[in-house]
Amino acid sequence: MEFEDLIQERYSVRSYQSRPVEDEKLEAVLDAARLAPTAANKQPFRLIVVKTEGKKDQMKRIYHGDWFSEAPLVICACSVKSESWTRRDGRNYVDVDVTIAMDHLILQATELGLGTCWIAAFDAEAAREILKIPEGVEPLLFTPLGYPADEIGPKSRKELDELVHYEEW
Ligand SMILES: Cc1cc2nc3c(=O)[nH]c(=O)nc-3n(C[C@H](O)[C@H](O)[C@H](O)COP(=O)(O)O)c2cc1C
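The sequence shown runs 3 to 171 under my numbering.
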């Protein structure tokens, strides 16, 4: 798929088929995250792949939407701040690194016909408890991973001239 088609076709999938995700597709999606650039190549992220079958109640505690656990898989992207790069002035980039890895994962999934949805509005304490995430590691983002059962709608975005300045602010 051409890149311009890929970014048009990715959307937040909020309804999933129960059809399993093939192992090769899961591996390709995870490998796309692995190949993402990170500040100073520190790779300060970890991914937790969860099979949702039989875990609907636990998944519901993590995120309220019923569609979250409709997908056969849910992936949690975690940050490991102690492994990450910090600029001289103290600005840390771990969230940027995790987000780029997640974006790679999501775009690769789209290319393979799989649906995803960025999820930040989850219960971090529930995620920590249920997924046994240790101290020093933070669950930052989730996505379901599965075949879409809905269809893309219109994209609502600001115009370029609202977003871009040339030469100066
Ligand atoms: C960092 C981030 C967090 C998000 N968190 C949620 C969320 O918790 N729940 C949800 O339904 N959508 C969430 N979204 C999806 C956005 O609402 C969605 O990307 C945006 O409305 C644009 O729609 P599109 O993804 O279909 O193009 C999140 C997106 C991003 C990038």
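Glycine included, every Cβ here is placed at the ideal spot set by N, Cα and C. All values derive from a computational prediction rather than experimental measurement.
For the 8 angstroms CB-CB criterion, Cys119 and Ser20 do not form a contact. By the Cβ-count criterion, Val166 is exposed, with fewer than 16 other Cβ atoms from all chains shown falling within 10 Å of its own Cβ. Using a Cβ-Cβ distance cut-off of 8 angstroms, the region 83-97 and the region 124-133 are not in contact, since fewer than three pairs of beta carbons, one from each stretch, lie closer than that value.
Restricted to the region 6-67, the alpha helix (DSSP H) segments that are unbroken, complete and at least 4 residues in length are 25-36 and 58-64, listed in chain order. Cβ-Cβ distances below 6 angstroms link Leu107 to Val31, Ala34 and Ala35 in the same chain, with the five nearest sequence neighbours on each side left out; the list follows chain order.
Classified as buried, Leu75 has 16 or more neighbouring CB atoms from the shown chains inside 10 Å of its CB. Within the DSSP secondary-structure output, Ile154 pairs in no beta bridge. Within the chosen limit of 7 angstroms, ligand 1 does not reach the beta carbon of Tyr95 with any heavy atom.
Ranked by how close their Cα comes to the Cα of Ile102, the residues Leu49, Lys157, Met3 and Glu29 have Leu49 in first place.
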